[in-house]
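One structure below.
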Amino acid sequence: MKFKDFFVIGTDTDVGKTYVSTLLYKALRKYNFQYYKPIQSGCFLKDGKLTAPDVDFLTKFVGINYDDSMVTYTLKEEVSPHLASEMEGTKIEIENVKRHYEDLKKKYSNILVEGAGGLYVPLIRDKFYIYDLIKLFNLPVVLVCGTKVGAINHTMLTLNALNTMGIKLHGLIFNNYKGQFFEDDNIKVILELSKIENYLIIKNGQKEISDKEIEKFFN
Numbered sequence: 047m048k049f050k051d052f053f054v055i056g057t058d059t060d061v062g063k064t065y066v067s068t069l070l071y072k073a074l075r076k077y078n079f080q081y082y083k084p085i086q087s088g089c090f091l092k093d094g095k096l097t098a099p100d101v102d103f104l105t106k107f108v109g110i111n112y113d114d115s116m117v118t119y120t121l122k123e124e125v126s127p128h129l130a131s132e133m134e135g136t137k138i139e140i141e142n143v144k145r146h147y148e149d150l151k152k153k154y155s156n157i158l159v160e161g162a163g164g165l166y167v168p169l170i171r172d173k174f175y176i177y178d179l180i181k182l183f184n185l186p187v188v189l190v191c192g193t194k195v196g197a198i199n200h201t202m203l204t205l206n207a208l209n210t211m212g213i214k215l216h217g218l219i220f221n222n223y224k225g226q227f228f229e230d231d232n233i234k235v236i237l238e239l240s241k242i243e244n245y246l247i248i249k250n251g252q253k254e255i256s257d258k259e260i261e262k263f264f265n
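In terms of my numbering, the sequence shown has 248 at position 202, counting the first letter as 1, and numbering is strictly consecutive.
Laid out in structure tokens, this is it:
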């Protein structure tokens, strides 16, 4: 299989973007993929240094050591990255993020980049947003969607924004599916409205994505 780098975003906060990124990374590691979280707020002190919770979750889930190379900026305050950096006096330099990404590309076949929330999350106030970073890297998006009530609206608004911005969508991943009748209908409506055929469904508590599903999703 020939893979490409891709950028994971969510339709909103707490949709399970990190969980889905972790499952994808777990399935793609054997193809020399690396996970990359450019900017992480809400970090915690561990052994005297700030630790990125998303990287910590992913490495523990997969069963590997915490990897500092998976993140560029670690910010303590659990708020939007732009605000956390302002509160802590940390200047976000996008060139540092770009350089880090390019360095990872020299070492790994492909990179799975995880954003912070949705498209409009600011990284630098009034200057640079998640959608700007996606455009800078020129990557297709994997959009993590919910299946609960509200999923149709959140997903379609994000898809329309991606289309307006000229950002390519690779596919949808519906997360935390619990088999409820309204979830089935939400998924059906989203697929019909969007005309998207490439998607995955991650069930509640699912621990891995099969090779067959990975091959189908990235083919």
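Just so you know, even glycine gets a beta-carbon here, dropped at the ideal spot from N, CA and C.
Assuming residue i and residue j form a contact by the criterion Cβ under 8 Å, report the distance between their Cβ atoms to the nearest whole angstrom.
{"i": "Leu-158", "j": "Phe-264", "result": "With 8 Å as the limit, Leu-158 and Phe-264 do not qualify as a contact, their Cβ atoms being about 11 Å apart."}
{"i": "His-216", "j": "Val-187", "result": "6 Å"}
{"i": "Thr-136", "j": "Leu-104", "result": "With a Cβ gap of about 23 Å, Thr-136 and Leu-104 do not count as contacting."}
{"i": "Lys-241", "j": "Tyr-223", "result": "About 21 Å; that fails the 8 Å criterion."}
{"i": "Asn-232", "j": "Ala-197", "result": "5 Å"}
{"i": "Asn-221", "j": "Tyr-65", "result": "7 Å"}
{"i": "Val-190", "j": "Lys-48", "result": "With a Cβ gap of about 23 Å, Val-190 and Lys-48 do not count as contacting."}
{"i": "Leu-239", "j": "Tyr-245", "result": "At roughly 13 Å, the Cβ-Cβ gap does not stay under 8 Å, so Leu-239 and Tyr-245 are not in contact."}
Mind checking residue i: buried by the 16 CB within 10 Å criterion, or exposed?
{"i": "Leu-74", "result": "buried"}
{"i": "Glu-254", "result": "exposed"}
{"i": "Phe-52", "result": "buried"}
{"i": "Gln-86", "result": "buried"}
{"i": "Gly-212", "result": "exposed"}
{"i": "Thr-193", "result": "buried"}
{"i": "Val-7", "result": "Residue 7 is absent from the model: the chain starts at 47 and stops at 265."}
{"i": "Ile-110", "result": "exposed"}
{"i": "Ser-131", "result": "buried"}
{"i": "Thr-120", "result": "buried"}
{"i": "Thr-201", "result": "buried"}
{"i": "Thr-204", "result": "buried"}
Mapping DSSP to helix, strand and coil, what is residue i?
{"i": "Phe-49", "result": "coil"}
{"i": "Thr-193", "result": "coil"}
{"i": "Lys-241", "result": "coil"}
{"i": "Thr-120", "result": "strand"}
{"i": "Pro-82", "result": "Here the sequence assigns Tyr to residue 82, which means Pro is not the residue at that position. In the structure shown, Tyr-82 sits in a strand (DSSP, three-state: E or B)."}
{"i": "Thr-97", "result": "strand"}
{"i": "Lys-249", "result": "strand"}
{"i": "Leu-129", "result": "helix"}
{"i": "Asn-265", "result": "coil"}
{"i": "Tyr-223", "result": "strand"}
{"i": "Tyr-71", "result": "helix"}
{"i": "Val-66", "result": "helix"}
Is the beta carbon of residue i sitting closer than 8 Å to the one on residue j?
{"i": "Val-117", "j": "Lys-72", "result": "no"}
{"i": "Glu-123", "j": "Glu-134", "result": "yes"}
{"i": "Tyr-112", "j": "Val-125", "result": "no"}
{"i": "Ser-115", "j": "Leu-150", "result": "yes"}
{"i": "Leu-91", "j": "Pro-127", "result": "no"}
{"i": "Asn-156", "j": "Tyr-77", "result": "yes"}
{"i": "Leu-227", "j": "Val-195", "result": "It is worth fixing the name first, because residue 227 is Phe in this sequence and not Leu. No, these two residues do not count as a Cβ contact at 8 Å."}
{"i": "Val-167", "j": "Tyr-175", "result": "yes"}
(message) With three or more beta-carbon pairs closer than 8 Å as the criterion, would you say the stretch 91 to 99 touches the stretch 163 to 183?
(response) By the criterion of at least three beta-carbon pairs nearer than 8 Å, the stretch 91 to 99 is not in contact with the stretch 163 to 183.
(message) With a threshold of 8 Å, are at least 3 pairs of Cβ atoms found where one atom belongs to the stretch 53 to 64 and the other to the stretch 149 to 163?
(response) Yes, since at least three Cβ pairs between the stretch 53 to 64 and the stretch 149 to 163 fall closer than 8 Å, the two stretches touch.
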